[in-house]
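First residue of the sequence shown? That's 232 in this note's numbering, and the numbers climb one at a time after it. For each residue, glycine too, the CB sits at the ideal point set by N, CA and C. In what follows, a single structure is set out as structure tokens and then discussed.
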Amino acid sequence: MRLTFAGAAGTVTGSCFFLETKGTKLLVDCGMFQGLPELEAKNTEPFPFDPAEVDWLIITHGHLDHLGLVPRLVREGFQGRGICTVPTRDIAQVMLMDAARIQEEEDGALYTVEDALDALDRISLLVEYGEEVELGKGVKAKFHDAGHILGAAFVEIQAEGKTLVFSGDLGNRGKPLVEDPSYPPKADVLVLESTYGDRTHPPLEDSVEELRRVIVETLEHGGNVVIPSFALERTQEVLYILFRLWKERKIPRTKIFLDSPLAVQATRIFERYTERFPEPARKLFRKKEDPFDFELLEYTLTKAASKKIAEEEGVIIIAGSGMCTGGRVLYHLRANLPRPESSIVFVGYQAEGTLGRAILEGAPVVEILGSMVPVRAGIWRIEGLSAHADQGILVDWALHADPRQIFLVHGEPHALGALATRLASHGYSVHIPAWHETVEL
Ligand SMILES: [Zn+2]
């Protein structure tokens, strides 16, 4: 059988792996490239396979860098079925429709709303964790809890007498709204994400304390706290943490704006799956306490409501996009970056080439919506809220799979290199594939 690395090879985004067995051809993810212009250019490159010959599309989770090119795949002839977990299907609906609307506003759109609807029609086989699906003669797939975001899975594939494990994105441990990642079965081949392959995250409680301190100090000085946040999972976690801090009287009473229509839609999905949360959060929701709807929290759906936030002082603003590549957060950054009393708090990964990364790396001036904006606000990175496993978790997880061969994907070069060195020191055969490389398994 053959495996082709159609994306997330030597970079974090664009996850897409093409597996050809004797009778069945399948894709694991079909994600969009995001970040640097030369990466985004890859979104228009031909796929290294014919979409019409792909029988199955396995979607590990709802992030755009894992499913954002599915409408293009369908537009270019994919006739097979998409498989994912039940929550991932709901998330895909929101994410693909939003992506398609953004595409339609751009020159050289990758796809249209119509294409996204066709894509959603194809994603029709819904599974639960632990369920096994027959994909063809001797080819089976099983989804397991990846602990990354709601519905996220890693996938075990049995084919030609071998076990392959695709990690998808693996979660951090001790997160409030997702369980810890499950361990993989013993595998022959492991395709492993490496986002934080070179880092160790601080414990979540340290990060919550850091966030609390930044909020208290910023509000004391009359500044605003701007939290660029991914619509999925991170936003809901931040709301959960703010709710807890407020209930425990650890932060002052202040307005909290959720200024992202996409995040609001995502939060509505989370409200349907509170029974899947870890016990403490599940209990809280059962008591009818609602961290997604409490008195400090205001959802700003319209543009007018969003603009009015500029009149406020001493508030918390959660807005997307998470890497500041677009969306309403740009307006809040333009207003708050020049203010020394305000704080910008990054709670998620900032890819190379994004505005978020530039701010985080200390750029003194950045260009936002056509104007040059000086950076005088406090800039914070709170790492323990990450949705990704760190090096220790990744290595521990790989040891459980104990594979003959490891392919490292979904990482920037230094992270891939550091993780490869660690895994090799445990005696594993590790390869970092190039974009479009094909290997025989
Ligand atoms: Zn992800």
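Practice prompt. Would you mind stating whether Val447 and Ile575 have Cβ atoms separated by less than 8 Å?
Written response: The sequence position of residue 447 within the sequence shown is 216, counting from 1. The sequence position of residue 575 within the sequence shown is 344, counting from 1. Not a contact, by the Cβ cut-off of 8 Å.
Discussion item. On the CB-based measure, 16 or more other CB atoms within 10 Å of its CB, does Ala272 come out buried or exposed?
Written reply: Looking up residue 272 in the sequence shown gives position 41. Answer is exposed; the Cβ neighbour count stays below 16.
Fill in: Member of Ala512, Leu470 and Gly378 whose CA lies at the smallest distance from the CA of Pro407
The sequence position of residue 407 within the sequence shown is 176, counting from 1. Comparing Cα positions, the closest option is Ala512.
Worksheet item: Span of the alpha helix (DSSP H) holding His563?
Response: Within the sequence shown, the letter at position 332 stands for residue 563. First-last of the alpha helix (DSSP H) with His563: Val560 to Asn567.
Worksheet item: How is Ala570 classed by DSSP in three states: helix, strand or coil?
Response: Here residue 570 refers to the residue found at position 339 of the sequence shown. Reading off the sequence, residue 570 comes out as Arg, not Ala. Three-state result, Arg570: coil.
Worksheet item: Fully enclosed by the stretch 323 to 407, which beta strand (DSSP E) runs are 3 residues long or longer?
Response: 354 to 358, 363 to 367, 370 to 376, 384 to 390 and 393 to 397
Worksheet entry | Status (buried if at least 16 other CB within 10 Å, exposed otherwise) for Pro415 | The sequence position of residue 415 within the sequence shown is 184, counting from 1. That one is buried.
Discussion item. For Thr585, which residues in the same chain have their Cβ closer than 7 Å to its Cβ, ignoring the five residues on either side in sequence?
Written reply: As a working mapping, residue 585 is identified with position 354 in the sequence shown. Apart from sequence neighbours up to five positions away, the residues of its chain that approach Thr585 with a beta-carbon distance below 7 Å are Gly266, Met554, Cys555 and Thr556, ordered along the chain.
Worksheet item: Could you give the distance in angstroms between the alpha-carbon of Lys253 and the alpha-carbon of Pro279?
Response: Here residue 253 is taken as the residue at index 22 of the sequence shown, counted from 1. Here residue 279 is taken as the residue at index 48 of the sequence shown, counted from 1. Using only the alpha carbons, I get a separation of about 18 Å.
Fill in: Collapsed DSSP secondary structure at Glu543 in the structure displayed
On the sequence shown, residue 543 is found 312 positions in, with the first residue counted as 1. Taken through DSSP and simplified to helix, strand or coil, Glu543 comes out as coil.
Practice prompt. Give the secondary structure of Glu529 by DSSP, where H, G and I count as helix, E and B as strand, and everything else as coil.
Written response: As a position in the sequence shown, residue 529 is number 298, starting the count at 1. If DSSP states are grouped into helix, strand and coil, Glu529 belongs with the strands.
Discussion item. Taking 7 Å as the cut-off, is the C-beta of His292 nearer than that to any heavy atom in ligand 1?
Written reply: Numbered from 1 along the sequence shown, position 61 holds the residue referred to as residue 292. Under cutoff, so the answer is yes.
Discussion item. Taking its Cβ as the centre, do 16 or more other Cβ atoms sit within 10 Å of Gly293, making it buried, or is it exposed?
Written reply: Numbered from 1 along the sequence shown, position 62 holds the residue referred to as residue 293. Result: buried.
Discussion item. Nearest by alpha-carbon distance to Ala644: which of Asp429, Trp287, Arg480 and Gln622 is it?
Written reply: Here residue 644 refers to the residue found at position 413 of the sequence shown. Correcting the residue identity first, residue 644 is Pro in this sequence and not Ala. Measuring from the Cα of Pro644, the nearest candidate turns out to be Asp429.
Worksheet item: Roughly how many angstroms separate the alpha carbons of Val606 and Gly402, rounded to a whole number?
Response: Here residue 606 is taken as the residue at index 375 of the sequence shown, counted from 1. Here residue 402 is taken as the residue at index 171 of the sequence shown, counted from 1. Distance between the alpha carbons of Val606 and Gly402: 32 Å.
Worksheet item: For the alpha helix (DSSP H) that contains Phe474, what are its first and last residues?
Response: Here residue 474 is taken as the residue at index 243 of the sequence shown, counted from 1. Start and end: Arg465 to Lys478.
Item to complete: Compute the Euclidean distance between the alpha carbons of Glu218 and Ala323, then round it to the nearest angstrom.
Response: Absent from the model: residue 218. The displayed extent of the chain is 232 to 672, so no value can be given.
Item to complete: Please classify Pro412: is it buried, with 16 or more other beta-carbons within 10 angstroms of its beta-carbon, or exposed?
Response: Working through the sequence shown from its first residue, we reach residue 412 at position 181. Buried, because 16 or more other Cβ atoms sit within 10 Å of the Cβ of Pro412.
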